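Chains W and B, in that order, are what the protein sequence lines are. Sequential numbering from 3 applies to the first sequence in this note's numbering. Sequential numbering from 43 applies to the second sequence in this note's numbering.
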Amino acid sequence: MAGDMHEEPLGGVAIEVRPEQHLQASPGWVTLVWDDPVNLMSYVTYVFSQYFKYPRDKAERLMLQVHMEGRAVVSMGRREEMERDVQAMHSFGLWATLSKAD
Amino acid sequence: MQAFKRIDKASVAIFDADELELVESLLGQLIELIVDDAHGCQLSPSISDAEEDLIARLERELNNGGAVFEVGPGSDPVMRRLFPVAYQDDEAASYDFHQFTAQEQSQDKVDAARLMLADLAASQGHGTCEVRDEHLWAWLKSLTNLRLALSVRLEIDSAETSEALAELPQDSPRAWIFSVYEWLGWVQESLLVAQDPTLGE
C-alpha cells in the first residue's frame, strides 16, 4: 500500500534503485484485519485511527473495506513489525493475521 | 445507565445498581476464565480484597448455575476467540506466535478487566462512574472482550445470527444474554461517542 507509514526503506545507504531491482527485493509482509460480527464499526474505526495514527477518512475507509469485503490490509512492513501489529489488533479484540505480501 | 459525557480528562456515566452488579460479575468471570486457562503462565498474582469478595460471590453464583461463561474444558471456544490465530495457513507459525504472546496478551486482558472493575467499584453508593482518560482503553478492550465471550456463548457467527437472536421470545435465557450483549455494545458506543461525537454518525 503506497505511502503507508510502516513501510521501511531497503537498507540504510542512499542508493538510486532502479524500479526493476526494487520489484525483485524479497517480499514484505502485510497485516490483514478480518470482519467479525461482534465489533462495532465505530470501535474498529477508532482502533485504526488511534493505533496506526491514520487520518479519520483512511481509518473509516479501511473499516468499511473490512466490513464489506471481509478483510483489509491495514499495514505492511517487515515480518516482526506485522507480528507486533497483529498482536496489537488481537489485544483490541479484532481478528488479524499476517501473511507475505503478494 | 445514563450515557457517557466528558468532564475534564474523564468520561462520566451513571449506572444503576443492577447494571453495576451485572458488569462486575461478568468481568470477574472473564478474569477467572483467563487466569484459569493460563496454567503455567505466571500472571500477576496481586488480588485485591474487592476481587476476593467478587470471586467468593462468583463461586456462589456458579454453584447456583448462574455462570454465563464456562470454565474448564468447555471454555476453549471463548479462549480461541480471545486469542485467535495469527497465521491463516501456517499452524507451526501460529503455534509459535501463541507461545510467544499468550502470557503478555493474557496479562493485558486481565489488567484491563481489573482496571474497569476498580472504576466500577469506586462508583458504588452514588452510581456515578468516572473513566479517566488513562483507563479508556482498559474499558474499551474489556467491553470488547466481554462481548466476544458472550458472542461465543450465543453462537453468533454472522449478522444473520444476531438478527435471529433479536427475534427470540423475551423470556428465553438466550434472549436475556443477548440483551446483555447488546447493552454492552451500547455502553461501548456511548463511551466512544463521548471521545468523538462524529463516530456515532
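Backbone N, C-alpha and C fix where the C-beta goes; we use that ideal spot for every residue, glycine too. All figures in this text were calculated on a predicted structure; none of them were measured in a lab.
Bounding residues of the beta strand (DSSP E) (the contiguous stretch that carries residue i)
i, result
"T170 (chain B)", "T170 to R174"
"Q44 (chain B)", "Q44 to I49"
C-alpha gap between residue i and residue j, whole angstroms
i, j, result
"L66 (chain W)", "S101 (chain W)", "21 Å"
"I76 (chain B)", "N187 (chain B)", "11 Å"
"S148 (chain B)", "A80 (chain B)", "7 Å"
"R63 (chain W)", "G167 (chain B)", "43 Å"
"H69 (chain W)", "D50 (chain B)", "34 Å"
"L42 (chain W)", "E231 (chain B)", "8 Å"
"D60 (chain B)", "E82 (chain W)", "45 Å"
"T143 (chain B)", "S165 (chain B)", "34 Å"
"H140 (chain B)", "A128 (chain B)", "8 Å"
"S117 (chain B)", "L69 (chain B)", "Any reading at S117 (chain B) must be qualified, since the residue scores a pLDDT of 45, below 50, and its modelled position is unreliable; the value itself is stated next. If I take the Cα positions, the gap works out to 15 Å."
"W228 (chain B)", "K60 (chain W)", "25 Å"
"L62 (chain B)", "P39 (chain W)", "26 Å"
"A217 (chain B)", "A154 (chain B)", "28 Å"
"A191 (chain B)", "D78 (chain B)", "15 Å"
"S53 (chain B)", "Y223 (chain B)", "21 Å"
"E146 (chain B)", "M91 (chain W)", "14 Å"
"W181 (chain B)", "F46 (chain B)", "12 Å"
"W97 (chain W)", "T240 (chain B)", "25 Å"
"T33 (chain W)", "T99 (chain W)", "6 Å"
"S221 (chain B)", "R195 (chain B)", "13 Å"
"V235 (chain B)", "L162 (chain B)", "20 Å"
"H177 (chain B)", "M158 (chain B)", "7 Å"
"P215 (chain B)", "G169 (chain B)", "27 Å"
"D132 (chain B)", "E66 (chain B)", "38 Å"
Residue environment, residue i, which counts as buried when at least 16 other CB atoms sit within 10 Å
i, result
"I73 (chain B)", "buried"
"P126 (chain B)", "buried"
"R156 (chain B)", "buried"
"D87 (chain W)", "buried"
"Y137 (chain B)", "exposed"
"F94 (chain W)", "buried"
"S200 (chain B)", "exposed"
"K183 (chain B)", "buried"
"A134 (chain B)", "exposed"
"F57 (chain B)", "buried"
"K151 (chain B)", "buried"
"R80 (chain W)", "exposed"
"S51 (chain W)", "buried"
"D175 (chain B)", "exposed"
"G242 (chain B)", "exposed"
"G74 (chain W)", "The question names Gly, but residue 74 (chain W) in the sequence shown is Ala. By the 10 Å Cβ count, A74 (chain W) comes out buried."
"S77 (chain W)", "buried"
"S17 (chain B)", "Here chain B comprises residues numbered 43 to 243, so residue 17 (chain B) is not present and cannot be evaluated."
"Q212 (chain B)", "exposed"
"Q44 (chain B)", "exposed"
"E205 (chain B)", "exposed"
"A208 (chain B)", "exposed"
Strand pairing of residue i, partner residues [DSSP]
i, result
"A55 (chain B)", "B:C171"
"T203 (chain B)", "DSSP output for T203 (chain B) lists no bridge partner at all."
"W36 (chain W)", "W:R73 and W:W97"
"W181 (chain B)", "W181 (chain B) pairs with nothing; no bridge assigned."
Bounding residues of the alpha helix (DSSP H) (the contiguous stretch that carries residue i)
i, result
"Y129 (chain B)", "Careful: Y129 (chain B) lies outside any alpha helix (DSSP H) and carries neither H nor E."
"I219 (chain B)", "P215 to Q237"
"P119 (chain B)", "D118 to L124"
_Completely contained alpha helix (DSSP H) runs for the segment 45 to 103 of chain W, where each covers 4 or more residues_ = You should have 58 to 71 and 81 to 93.
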